[in-house]
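Below you'll find the structure, written out as structure tokens, and then a few comments.
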Amino acid sequence: MRRSSTRTCAVAVAAAVCSLVAHGAENVDEEVVSSAAFETTGDQVQCLTLRTISDVHYPSNDKLVFEMRGGARYLNQLSGVCNGLTKERRFDANGANIGRLCKGQVITVTDQLGIVRGSCGLGDFQELATDR
Numbered sequence: 022m023r024r025s026s027t028r029t030c031a032v033a034v035a036a037a038v039c040s041l042v043a044h045g046a047e048n049v050d051e052e053v054v055s056s057a058a059f060e061t062t063g064d065q066v067q068c069l070t071l072r073t074i075s076d077v078h079y080p081s082n083d084k085l086v087f088e089m090r091g092g093a094r095y096l097n098q099l100s101g102v103c104n105g106l107t108k109e110r111r112f113d114a115n116g117a118n119i120g121r122l123c124k125g126q127v128i129t130v131t132d133q134l135g136i137v138r139g140s141c142g143l144g145d146f147q148e149l150a151t152d153r
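22 is the number of the first residue of the sequence shown in the working numbering; add one for each residue after it.
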């Protein structure tokens with residue numbers, strides 16, 4: 022009986038929380054995370070669909086850069102400092118926007134033990150200029 026309730030709880034948590042982790046964080050593309058690389062096009066969107074995100078970069082505790090399938094990149098200036106973001110290189114996105122990340126959604130940074138390090142809100146997703 023205990024095993025069944027644990028499994029049910031794990032499924033419920035997985036459905037309510039989506040966790041994004043940068044792959045190959047030790048091989049971070051310096052061009053992507055350099056503050057000089059944040060030249061925006063002026064276009065912005067309110068939400069990104071999770072399945073279209075190919076990678077996430079963590080240039081600072083108050084900025085995220087999302088690389089999309091197809092080559093587009095979006096800068097998100099967070100609503101405040103999200104402690105531990107650059108160290109942990111992962112966050113949980115909570116809320117009703119299943120399958121999407123949206124402006125105003127709260128993200129929470131946790132360490133490998135699940136201890137909360139910080140939280141903050143997502144801002145607009147500003148498209149970055151590409152000269153590749």
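Note that beta-carbon positions come from the ideal geometry of N, C-alpha and C, so glycine has one too.
Model, not experiment: these values are computed from the prediction.
Round the Cβ separation of residue i and residue j to the nearest angstrom and send it over; I've been treating them as touching at under 8 Å.
i, j, result
"Asn97", "Leu143", "6 Å"
Leaving out the 5 sequence neighbours to the left and right, which residues in its chain are closer than 7 Å to residue i when beta-carbon positions are compared?
i, result
"Arg138", "Asn104, Gly105, Glu109, Val130, Thr131, Asp132"
"Thr73", "Met89, Arg90"
"Thr70", "Gly120, Arg121"
"Gln65", "Asp145, Phe146, Gln147, Glu148"
"Gly92", "Thr151"
"Thr61", "Leu96, Gln147, Glu148, Leu149, Ala150"
Beta-carbon within less than 8 Å of residue i's beta-carbon, same chain only, minus the 5 sequence neighbours each way: which residues are those?
i, result
"Gln67", "Cys123, Lys124, Asp145, Phe146"
"Arg94", "Val53, Val86, Phe87, Glu88, Glu148, Leu149, Thr151"
"Ser75", "Glu88, Met89, Arg90"
"Gly135", "none"
"Ser140", "Cys103, Val127, Ile128, Thr129, Val130"
"Asn118", "Cys68, Gln126"
"Ala46", "Residue placement at Ala46 cannot be trusted, given a pLDDT of 40 that sits under 50; what the coordinates show is reported in the next sentence. Excluding residues within five positions, the ones whose Cβ falls inside 8 Å are Tyr79, Arg110."
Spell out the partners DSSP gives residue i in its beta bridges.
i, result
"Arg128", "The residue asked about is misnamed: residue 128 is Ile in this sequence, not Arg. Paired residues: Ala114, Cys141."
"Glu148", "Tyr95"
"Thr62", "Paired residues: none, contrary to the question."
In chain order, what residues of the same chain have a beta carbon less than 6 Å from the beta carbon of residue i, not counting five sequence neighbours either side?
i, result
"Tyr79", "Leu106, Thr107, Arg110"
"Phe59", "Leu96"
"Gly116", "Gln126"
"Glu51", "Here the model assigns Glu51 a pLDDT of 46, short of 50, so the residue's position is not dependable and the matter cannot be decided."
Count the C-beta pairs between the region 98-105 and the region 76-85 that are closer than 8 Å, then say yes if the count reaches three, no if not.
yes
At 3 residues or longer, and completely inside the region 65-126: list those beta strand (DSSP E) runs for me, N to C.
68-70, 74-81, 84-89, 94-98, 111-115, 121-123
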